[in-house]
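To convert, note that position 112 of the sequence shown is 589 in our numbering; the numbers rise steadily by one, no gaps.
Everything on this sheet refers to the single structure shown next.
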Amino acid sequence: MTDCLFCKIVAGDVPATIVRESDRAVAFRDINPQAPTHVLVIPRDHHPTAAELAAADPELLAAVLVEAHRVAEDEGIAGTGYRIVFNTGEQAGQTVFHVHAHVLGGRGLNWPPG
Ligand code: AMP
Ligand code: ZN
């Protein structure tokens with residue numbers, strides 16, 4: 478998708494602080510972090526939402542979740558705990574319609590979220 482910000486990050490056309498890459502996924506730091514660790518994990522392929530990714534390519538969704546846990550391990554928060562968030566749709570705050578897992582941790586996280 479030529480007009481998708483996260484496709485441009487995958488292609489290297491928009492800079493990002495990449496922390497992990499695999500053949501199917503890319504992880505990079507959120508530009509506006511909400512916690513000491515705030516990393517976005519995205520599939521290289523364009524799918525708008527988690528639900529659409531799950532329907533189209535469930536193995537790719539699993540690969541994104543595997544990478545999310547590896548990010549947590551790399552960041553030293555796998556043991557203390559972290560949160561994976563897929564904002565889905567406008568009312569949930571989704572602003573970029575290329576599915577992304579937010580990996581948040583490094584501080585106590587409120588529940589329920591706002
Ligand atoms: P969401 O609101 O769930 O769609 O999440 C989109 C996230 O992308 C937000 O947390 C933004 O801060 C983040 N973001 C937007 N542009 C960039 C960028 N160029 N590099 C890294 N993160 C970004
Ligand atoms: Zn995209």
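Ideal placement from N, C-alpha and C gives every residue a C-beta, glycine not left out.
Judged by beta-carbon spacing, V576 lies beyond the 8 Å limit of V548, meaning their Cβ atoms are not closer than that value.
Between ligand 2 and H575, a heavy atom-to-CB distance of less than 7 Å is present. Residue state for H579 is assigned as strand, using DSSP reduced to three classes.
Per DSSP, the continuous beta strand (DSSP E) segment holding A504 begins and ends at 502-506. Here the alpha carbon of G556 sits roughly 11 Å from the alpha carbon of H546. Between P520 and L542, the beta carbon gap of about 11 Å keeps them out of contact (Cβ cut-off 8 Å). Secondary structure of P520 (DSSP, three-state): strand. The beta carbon of L586 lies closer than 6 Å to those of R560 in the same chain, with the five residues before and after it left out. Taking 8 Å as the upper bound for CB-CB distance, V580 and T514 are in contact here, some 7 Å apart.
T479 is positioned such that its CB atom lies no closer than 8 Å to that of A528.
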